[in-house]
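Right, one structure below, let's go through it.
In this note's numbering, the protein residues as written are 95 to 1205.
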């Protein structure tokens, strides 16, 4: 059992080691297959290199699959259980999706091997390399099957002409390996050079001089061959036309002419017609005749003249017979070339008397019937016999000597002694050029004057198959609708053959090597049809060649090009091209050009005409207009600081049927321009002082210039500079960061002030500069002397200064403590006596000001009462020099209120409610009859106020009946804007959300509850706002309501009317209230958050005060 356990343990260790070893292996296999194999052809077995390493437990559970989804799965299939790879389609190595023309065609992919056994962790990857071998399935193909080449006959031997090389889609040995030239007369050869990339340079080289007059056309066939087995060939036909050069001199048919003319020849008659020939063509072969400027006989130009085009020598004046005299005339023949050639001949004219017989001309054609019609084939060689000419002249001597001429230059007369002449073929005949020749034989004797006789016959040239069919056009064009499936004629070709009968009958065929597409042609009439569907975007033009072949023997053929244009259908949507991102400078005028969008539509014509529009949801949300041609313009000025980029969608659609569209996102970036000057945060005109205390060393940072610029890039702040005020060169400013530092160590013995002018500049163009002044105060230290002033101060003076400073500091502290105690004492006593809280100040009181102005005995008067309050007035009647620190002081303050002068509120006193019998004793005192001291006591005054306020409040409540609970309530007060407490309180500026617009409308209901439901014996305050005190959204609060036990005293309001809107005032917490900045109390109660950085900052930071200071 122990041995068996050890074996099992050993087997487990070995198995674990093998699994780890196998897992660490990298399996690779390579398969090779030839292209063009049929589908399901065997490629390889991936399991062959792996099966031996499969663990026993996994045998029978192995599954194979492609590791990744890629293009190889379209070419191969994999059996999951066996791992056998086979072809899925016929693989064309030269196709665009496979390898095209690459020398090595291979694919690398991975196959995953896994186990289907549950809970098995077996997984491996086999790397497979598939090599696709090339077969010779493509022949070399020249770009053009026919090349037209013009070579001047003056070209020198060795001149070469480039021929486009052939292309073979196969690779390696199966591609083009060489070129050769077809059979020809040896005038041309090939110069083939193989380049480094394996391609060839092919040149046609001239080996011999050309003579157009001998031969003007050549046809050379160049053959390209590959290295496959068997080899494949491709050919191109080179039609060479030899162009003319003026290398031939006109030649007269005779170098001299000797004629006899009767003296009675009429003026204007043609005496002689000379003929010259030039083997050149065109202007080089055009001959002009003239008399030579230099004549041997001076009489010639006065008697004779010559026609330039026909060479006719005519009589200009009457001839005069002179025995033994003759005229010797030099005539010239010149061609019309750029450098004309000239040749001369001499004409001798003898003048004789009249008295001679003309010769007789007889023509024998050796044809049956001896007619004047001769038939010969066009293929006969020069020198072939045509006719015999017999001339008879019965005269003697010179009158009997006869010479003959033939009119057609294609034939000539050859003398046969006394047997006359024979007419033979001189030049090669061409029936297609001229099938009938009218030949005139002219003979004249040498009599004086010579007599002439003539006779004619006709030569008919018979046809032979020497003409190839000629197409009516070199290129035939037609049109095929895109995606068209019907089988109909799109173009018809036509060729003619100048030969006759079967030699001129033409049949039509398609050159199958010229096109890979399927076409059908009617061989009788040349109508061409397409047998497949075309996609214009893939194949806009289809080119093929058709063959016209005659029925002669041997048969001759020719080729023509057919070019078929695929008519477009709207099957492609336009696509917006890049760029789609544009930039524009800010602040440009509305209508400025941003950019132009371009789009591509692979259709053509109207189907490719496009229009651009902005997507509707962006039409009003972006400041741009997109025009139909893609132009983008602004519709308003842009501000980069407001927004630096915009993104919207543009739609493009074509004008085809149906319309097709696409869209793209366009992004426009707003470029910055220098339209903002630097803005200073410090120093400011109202905050510009910096204090330097005590002695400081070199490099001490005095302060930091704080500025910002809303622009960006180069347009932001570039430099800080001290423009003036630094004449002692004591300060240095960091030009980049704006920090101001001392350049020297300073010991100060007296206070000094420096006013520096600071300039902050940006880097834009034009450059903006912001200037400000900075006040630097250097306060003397207690134990130092000043290096700036350079004076030595007395130490006693320094001690005195220190004592003064300490005394001042202690005094300030004591004053602050006294103020605090007085303030606390003031508040405690006020609460104990009246518990009054005023709207605008910390310690308010309500009392009468100048009662004599309001209280009179007249019943008809309508006076005002005034509640006055001064927060800085002492509450008690202590002497001005007395200071009380007793918070619980019981001093009688009952008569102190009449000394206060600050107006609290003003209201009208109704006539019915004026006190009867009240008198005025003196300013500020109220008197009534039967009073011991002539004054109203405090209780009587409060009762009087209560009566007035209660009557007016009751009247107001009656006007409010029927109105909704949330209606407004305003108490109109007379203008009181001159007293210390008549300050405008702007609640909306407090920053605490306590503005009048934020107060809920239920304050009206709250006010009614307060008026009708006051708890007796409890002192309460109510504050209301008059409409005339609302200025620029702020509230003036001047009312004071007092409820003293059961006697309620309200601030009176202005007379109420039915159309006057009222609203209760807003209330703020006493704990958060603070005097307005412009009030007298504000100077003693600064906001605790105020940052007292400089000497000027206390009075300048007005924005830090809480302006909504009311209860």
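Note that beta-carbon positions come from the ideal geometry of N, C-alpha and C, so glycine has one too.
Stretch pair the region 674-683 + the region 765-772: three plus CB contacts closer than 8 Å:
Yes, the region 674-683 is in contact with the region 765-772.
Write down every uninterrupted run of the beta strand (DSSP E) in the region 803-876 whose length is 3 residues or greater and which is fully enclosed by it, in chain order.
Runs of the beta strand (DSSP E) inside the region 803-876: 811-818, 825-827, 833-836, 846-856 and 863-873.
Bridge partners of residue 399, per DSSP?
Paired residues: 408.
Going along the chain, which residues of its own chain have a beta-carbon closer than 6 Å to the beta-carbon of residue 643, five neighbours each way excluded?
Result list for residue 643: 601, 649 and 651, in chain order.
Does the pairing of the region 584-594 with the region 662-672 give three or more beta-carbon distances under 8 Å?
No, the region 584-594 does not touch the region 662-672.
Have a look at residue 830 and residue 783 and give me their C-alpha separation to the nearest angstrom.
Distance from the CA atom of residue 830 to the CA atom of residue 783, rounded to whole angstroms, is 22 Å.
Can you tell which of 752, 659 and 761 has its C-alpha closest to the C-alpha of residue 673?
If we check each option's Cα against that of residue 673, 761 comes out closest.
For residue 557, does the three-state DSSP call read helix, strand or coil?
Here residue 557 sits in coil by DSSP.
Considering Cα atoms alone, identify which of 790, 336 and 292 is closest to residue 281.
Comparing Cα-Cα distances from residue 281 to each of 790, 336 and 292, the minimum goes to 336.
Please check the pair residue 422 and residue 397, which I expect to be a contact at CB under 8 Å, by giving their CB distance rounded to whole angstroms.
Contact flag wrong, Cβ pair sits at about 12 Å.
CB of residue 796 within 8 Å of CB of residue 836, strictly
Yes, the pair counts as a contact, with Cβ atoms nearer than the cut-off.
Report yes or no: do three or more beta-carbon pairs, one from the region 362-379 and one from the region 263-283, lie closer than 8 Å?
No contact exists between the region 362-379 and the region 263-283.
Evaluate residue 902 with the Cβ neighbour count: other Cβ atoms within 10 Å of its Cβ, from every protein chain shown; 16 or more gives buried, anything less gives exposed.
Exposed.
8 Å contact criterion, which residue 370 and residue 437 should meet: CB distance rounded:
At roughly 7 Å, the Cβ-Cβ gap stays under 8 Å, so residue 370 and residue 437 are in contact.
Sequence-distant residues of the same chain with beta carbon closer than 7 Å to residue 819, five excluded per side
Leaving aside the five residues that flank residue 819 on each side, the residues in its chain whose CB is nearer than 7 Å to its CB run, in chain order, 848, 849, 850 and 851.
For residue 453, count neighbouring C-beta atoms within 10 Å of its own C-beta (all shown protein chains included) and say buried if the count is 16 or more, exposed if not.
Residue 453 comes out buried.
According to DSSP, simplified to helix, strand and coil, what is residue 137?
Three-state result, residue 137: strand.
DSSP beta-bridge partners of residue 544:
The partner list for residue 544 (beta bridge, DSSP) is empty, contrary to what the question assumes.
Can you give me the C-alpha to C-alpha distance between residue 240 and residue 261, rounded to a whole angstrom?
Taking the straight line from one Cα to the other gives about 15 Å.
Find the nearest neighbour of residue 802 within the set 827, 787, 771 and 815, judged by alpha-carbon distance.
Out of 827, 787, 771 and 815, 771 has the C-alpha closest to the C-alpha of residue 802.
Nearest by alpha-carbon distance to residue 647: which of 599, 568 and 434 is it?
If we check each option's Cα against that of residue 647, 599 comes out closest.
Is the beta carbon of residue 726 less than 8 Å from the beta carbon of residue 691?
Using a Cβ distance threshold of 8 Å, residue 726 and residue 691 count as a contacting pair.
Quickly, what does DSSP pair residue 224 with across the bridge? List them, please.
For residue 224, the pairing in a beta bridge is given by DSSP as 125 and 201.
Helix, strand or coil for residue 465? Go by DSSP, reduced to three states.
Judged by DSSP in its simplified three-state form, residue 465 adopts coil rather than helix or strand.
Evaluate contact between the region 350-363 and the region 543-553, counting only Cβ atoms and requiring at least three cross-stretch pairs below 8 Å.
Under the Cβ criterion (8 Å, minimum of three pairs), the region 350-363 counts as touching the region 543-553.
Report the option in 635, 633, 531 and 611 whose CA atom is closest to the CA atom of residue 624.
The residue with the shortest Cα to Cα distance from residue 624 is 611.
How about residue 640 and residue 609: are their beta carbons less than 8 Å apart?
Not in contact: residue 640 and residue 609 (Cβ atoms no closer than 8 Å).
Excluding five sequence neighbours on each side, which residues of the same chain lie with their C-beta closer than 7 Å to the C-beta of residue 167?
So the list reads 160, once near-sequence residues are dropped.
On a Cα-Cα basis, can you pick out the residue from 381, 806 and 209 that is closest to residue 426?
In terms of Cα proximity to residue 426, the closest of 381, 806 and 209 is 381.
Output the distance between the C-alpha atoms of residue 69 and residue 290, rounded to the nearest integer angstrom.
Nothing can be reported for residue 69, as the shown portion of the chain is limited to 95 through 1205.
Report the rounded CA-to-CA distance for residue 165 versus residue 334, giving the unit in angstroms.
For residue 165 and residue 334, the distance between alpha carbons rounds to 49 Å.
Over the uninterrupted beta strand (DSSP E) stretch that includes residue 798, give me the two end residues.
For residue 798, the enclosing beta strand (DSSP E) covers residues 795-798.
Keeping to the same chain, check which residues put their C-beta closer than 7 Å to that of residue 301; ignore five residues upstream and five downstream.
Hits under 7 Å: 251, 280, 281, 282 and 283.
Beta strand (DSSP E) containing residue 381: first to last residue?
Note, residue 381: beta strand (DSSP E), 381-385.
On a CA-only basis, which of 434, 554 and 536 is nearest residue 530? Give me that one, please.
Considering only alpha carbons, the answer is 554.
Nearest by alpha-carbon distance to residue 628: which of 693, 729, 579 and 859 is it?
Minimum Cα distance to residue 628 is reached at 579.
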